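Single-structure report; data block below.
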Amino acid sequence: MPLVKITETLASTVNISGFHFAELTTDEAGKAPVYGEINHIRGAQDIKVNPSEDMIENWGDGEVQESAVSQGKTKVDLQAFAIPLETRAFLAGLEVDEDGLVTKHGGVLNPPTVGAVFYKERKNKDIECVALLRGVFQ
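In terms of numbering that gives the first Met the number 0, the sequence shown opens at residue 0 and continues consecutively.
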């Protein structure tokens, strides 16, 4: 089978759709992660994914001898039309009681670890699927 060169065409993102998240229930080394119920956040307007990277260069004889890139935390900013109160409370590690009041138990917030997936539609009609396997909303 011949190799086919894939060329990436850059275009601006014009639509965000299908933002789903699920709580990570089991994450054992060497095994596939297991997620709970899949939830859909409707009305996603804008999502920015900003991975942090640090470049380290080792110099010798007045020039770079080697360099390495270190991946840090990835920050995701989500702007949506109206996220339901129960969803916002769950992602923040809070609870909503039967009266609709948001409550916190204990002194420390403990937001759940979740995985998320969404689709970015570009101006040239390409669709990119972005999956984030593990993270915490803050």
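All C-beta atoms in this analysis are idealised placements derived from N, C-alpha and C, irrespective of residue type, glycine included. Every value quoted in this text rests on a predicted model; they were computed, and no experiment measured them.
Check                                                                                                                                                        : Outcome
Could you pull out every residue in the same chain whose Cβ sits closer than 7 Å to the Cβ of Glu-54, ignoring the five residues on either side in sequence? : Looking at the sequence itself, residue 54 is Met, so the reference to Glu does not match. Excluding positions up to five away in sequence, the list reads Ser-66 and Val-68.
Roughly how many angstroms separate the alpha carbons of Pro-32 and Val-95, rounded to a whole number?                                                       : 28 Å
To test your reading of the DSSP string, which unbroken beta strand (DSSP E) runs of 3 or more residues are found completely within the stretch 11-79?       : 12-25, 33-40, 43-59 and 62-79
What's the C-alpha gap between Ala-88 and Thr-12?                                                                                                            : 29 Å
Here's the rule: buried if 16 or more other CB atoms are within 10 angstroms of the residue's CB, otherwise exposed. What is Gly-114?                        : buried
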